[in-house]
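Asks:
Number of protein chains: 2
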Amino acid sequence: MLKIFSTQLAGIFQNIEKSSEEAVEDAARLLAQSLVSDGTVYFHGTDEMMAVAYEGVTGPNAIPSSHFYDEKTALTAMDTVIVSARFAACEKSAAIAGAAREAGTRTIFIGAAEKGTDLDSLPYDVVLDTKAVRGLIPQDDGTRTALPSAICGLYVYQALHITVSEYLEEI
Amino acid sequence: MLKIFSTQLAGIFQNIEKSSEEAVEDAARLLAQSLVSDGTVYFHGTDEMMAVAYEGVTGPNAIPSSHFYDEKTALTAMDTVIVSARFAACEKSAAIAGAAREAGTRTIFIGAAEKGTDLDSLPYDVVLDTKAVRGLIPQDDGTRTALPSAICGLYVYQALHITVSEYLEEI
């Protein structure tokens, strides 16, 4: 079972690598702009996607000048908010990003963009698609288990971290 | 850079798969025992390893009857505590697990067992080694970046979740 999970997961990672280069660069540019302007990068995650927030704020690959977002956070146009949720249709994430936009803050979403989701209608400057739309292990009853939402969220985050680190070195 | 990260990460996943089967089965047995005895599975994570706790309690692959651990939690001998930290030498994790043991609670650790760490001296019934001991991307100055602690923690967690689900189906 773990073998199936690993093989399928490697496929998703490759898929992210191939298709998200441009979005990762756009997101890294926003982060770098915040950081060189002494802005703050705020993270919010819903449920298991808090993994991305903890990695971004407290991990060995944290973004400098990053904090957890909460409702009392006073955002500015120098800041960037990264919200993360299992699926792009998450209403809580959209509410946070919508409020951030009113303050002129840039917004990045990390999560799966399911087919049929109208990304243009959502209040995100950049969407980093985790491609984790369904469980990786088929079960006897026809359903699928082992949705890799958080692990793919961390993979996308890593891509972003590598790219923003390169940008900051160049400055 | 992301390519190097992915390739190295796949190597660690394979390494975990090969070497941790027995420990994963031991840990899954402890969890299954807790669950069939109406015990609770508590999660605690330090820094980015909160990823494992959020996945275990709130994720699509959550453990049934699981909760976040805090200092006020009244543990029993029916419960199991899963603590997670970047490295096995984490003192905070050991303190939580030590207190849990006094209540007769079983303890599982998820994190990297660095060379030289005396695992037998630590208060864990089972150690699930994430193998994430160093950064995956070499840098110009000779150091390494992109330590995959949380992503490997989630991979190990997934192995545990798959195995405990199988056990619970058999009961």
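Protein chains in written order, with my numbering: chain U, 6 to 176; chain B, 6 to 176.
Note that beta-carbon positions come from the ideal geometry of N, C-alpha and C, so glycine has one too.
Small disclaimer: the values here were computed from a predicted structure and weren't measured.
#1: Using the C-alpha atoms, what's the distance from L141 of chain U back to A15 of chain U?
#2: May I ask you to list the residues that DSSP assigns as paired with D134 of chain B?
#3: Give the C-beta separation of L80 of chain B and A105 of chain B to the nearest angstrom, bearing in mind that I take them to be a contact with Cβ-Cβ under 8 Å.
#4: Between U:Y172, U:T168 and U:L173, which has its C-alpha nearest F10 of chain B's C-alpha?
#5: Taking its Cβ as the centre, do 16 or more other Cβ atoms sit within 10 Å of L124 of chain B, making it buried, or is it exposed?
#6: According to DSSP, is G103 of chain U helix, strand or coil?
#7: Cβ atoms of A93 of chain B and E119 of chain B: under 8 Å apart, would you say?
#8: I'd like to know whether the C-beta of L173 of chain U is nearer than 8 Å to at least one C-beta of chain B.
#9: Is T45 of chain B helix, strand or coil when you go by DSSP?
#10: Would DSSP call G50 of chain U helix, strand or coil?
#11: Within 8 Å of any Cβ in chain B, is that where the Cβ of Y160 of chain U sits?
#12: For the region 38 to 68 of chain B, list every residue whose C-beta sits within 7 Å of some C-beta in chain U, in sequence order.
#13: Taking the alpha carbon of E107 of chain B as the reference point, which residue from B:D130, B:T12 and B:R149 has its own alpha carbon closest?
#14: Using beta carbons (cut-off 8 Å, strictly below), is A15 of chain U in contact with chain B?
#15: With a threshold of 8 Å, are at least 3 pairs of Cβ atoms found where one atom belongs to the region 24 to 44 of chain U and the other to the region 146 to 154 of chain B?
#16: Taking the Cβ atom as the reference point for each residue, do F48 of chain U and F73 of chain U lie within a distance shorter than 8 Å?
#17: Take the Cβ of D75 of chain B as the centre, count every other Cβ of all protein chains shown within 10 Å, and call the residue buried at 16 or more, exposed below.
#18: Take the Cβ of I176 of chain U as the centre, count every other Cβ of all protein chains shown within 10 Å, and call the residue buried at 16 or more, exposed below.
#19: Distance cutoff 8 Å, beta carbons only. Does M133 of chain B sit that close to anything in chain U?
#20: Could you give the distance in angstroms between the alpha-carbon of L36 of chain U and the alpha-carbon of V86 of chain U?
#21: Based on the DSSP secondary-structure assignment, which residues constitute the bridge partners of T85 of chain U?
#22: Counting only beta-carbon atoms, is L80 of chain B nearer than 8 Å to chain U?
#23: Just to make sure I have the definition right: I need the residues of chain B whose C-beta is within less than 8 Å of the C-beta of A154 of chain U. Which are they?
#24: Using a Cβ-Cβ cut-off of 8 Å, state whether A117 of chain U counts as contacting chain B.
#25: Give the single residue among B:K23, B:V138 and B:S170 whose Cα lies nearest to the Cα of T150 of chain U.
#26: When you compare the CB of S70 of chain B with every CB in chain U, is at least one pair closer than 8 Å?
Replies: Reading it off the structure:
#1: Translated into the one-based positions of the first sequence, residue 15 of chain U becomes position 10. Translated into the one-based positions of the first sequence, residue 141 of chain U becomes position 136. The straight-line gap from Cα to Cα measures roughly 11 Å.
#2: Working through the second sequence from its first residue, we reach residue 134 of chain B at position 129. Paired residues: B:G116.
#3: The residue given as residue 80 of chain B occupies position 75 in the second sequence. The residue given as residue 105 of chain B occupies position 100 in the second sequence. So it is a contact: roughly 5 Å between Cβ atoms.
#4: The residue given as residue 10 of chain B occupies position 5 in the second sequence. The option with the nearest alpha carbon to F10 of chain B is U:T168.
#5: Taking the first residue of the second sequence as position 1, residue 124 of chain B is located at position 119. Answer is exposed; the Cβ neighbour count stays below 16.
#6: Counting from one through the first sequence, the residue named residue 103 of chain U turns up at place 98. Note: G103 of chain U maps to helix in three-state DSSP.
#7: Against the second sequence, residue 119 of chain B aligns to sequence position 114. Against the second sequence, residue 93 of chain B aligns to sequence position 88. Contact: yes.
#8: The residue you call residue 173 of chain U lines up with position 168 of the first sequence. No, L173 of chain U does not count as interfacial toward chain B.
#9: One-based indexing of the second sequence puts residue 45 of chain B at position 40. Correct three-state label for T45 of chain B: coil.
#10: Position 45 of the first sequence holds residue 50 of chain U. Correct three-state label for G50 of chain U: strand.
#11: Within the first sequence, numbered from 1, the residue matching residue 160 of chain U stands at position 155. Answer yes: the Cβ-Cβ gap between Y160 of chain U and chain B drops below 8 Å somewhere.
#12: D52, E53, M55, A56, Y59, E60, T63, G64, P65 and N66
#13: Numbered from its first residue, the second sequence carries residue 107 of chain B at position 102. Looking at the Cα atoms, B:D130 is the closest of the given residues.
#14: The residue given as residue 15 of chain U occupies position 10 in the first sequence. With 8 Å as the cut-off, A15 of chain U counts as an interface residue toward chain B.
#15: no
#16: As a position in the first sequence, residue 48 of chain U is number 43, starting the count at 1. As a position in the first sequence, residue 73 of chain U is number 68, starting the count at 1. In this structure, F73 of chain U lies closer than 8 Å to F48 of chain U by Cβ.
#17: The sequence position of residue 75 of chain B within the second sequence is 70, counting from 1. With fewer than 16 Cβ atoms within 10 Å of its Cβ, D75 of chain B is classed as exposed.
#18: As a working mapping, residue 176 of chain U is identified with position 171 in the first sequence. It counts as exposed.
#19: Position 128 of the second sequence, counted from the first residue, corresponds to residue 133 of chain B. The residue asked about is misnamed: residue 133 of chain B is Leu in this sequence, not Met. No, its Cβ sits nowhere closer than 8 Å to a Cβ of chain U.
#20: Taking the first sequence and counting its residues from 1, one reaches residue 36 of chain U at position 31. Taking the first sequence and counting its residues from 1, one reaches residue 86 of chain U at position 81. Roughly 9 Å separates the two Cα atoms.
#21: Taking the first residue of the first sequence as position 1, residue 85 of chain U is located at position 80. Its beta-bridge partners are U:V46 and U:R111.
#22: By 1-based counting over the second sequence, the position of residue 80 of chain B is 75. No, its Cβ sits nowhere closer than 8 Å to a Cβ of chain U.
#23: Within the first sequence, the letter at position 149 stands for residue 154 of chain U. In the sequence on display, residue 154 of chain U carries Ser and not Ala. Here the neighbours are G64 and P65.
#24: Residue numbering aside, residue 117 of chain U sits at position 112 when the first sequence is read from its first letter. So no, A117 of chain U is outside the interface.
#25: In the first sequence, counting from the first residue as 1, residue 150 of chain U sits at position 145. When each option's Cα is compared against that of T150 of chain U, the closest is B:S170.
#26: Counted from its first residue, the second sequence places residue 70 of chain B at position 65. Closer than 8 Å: no.
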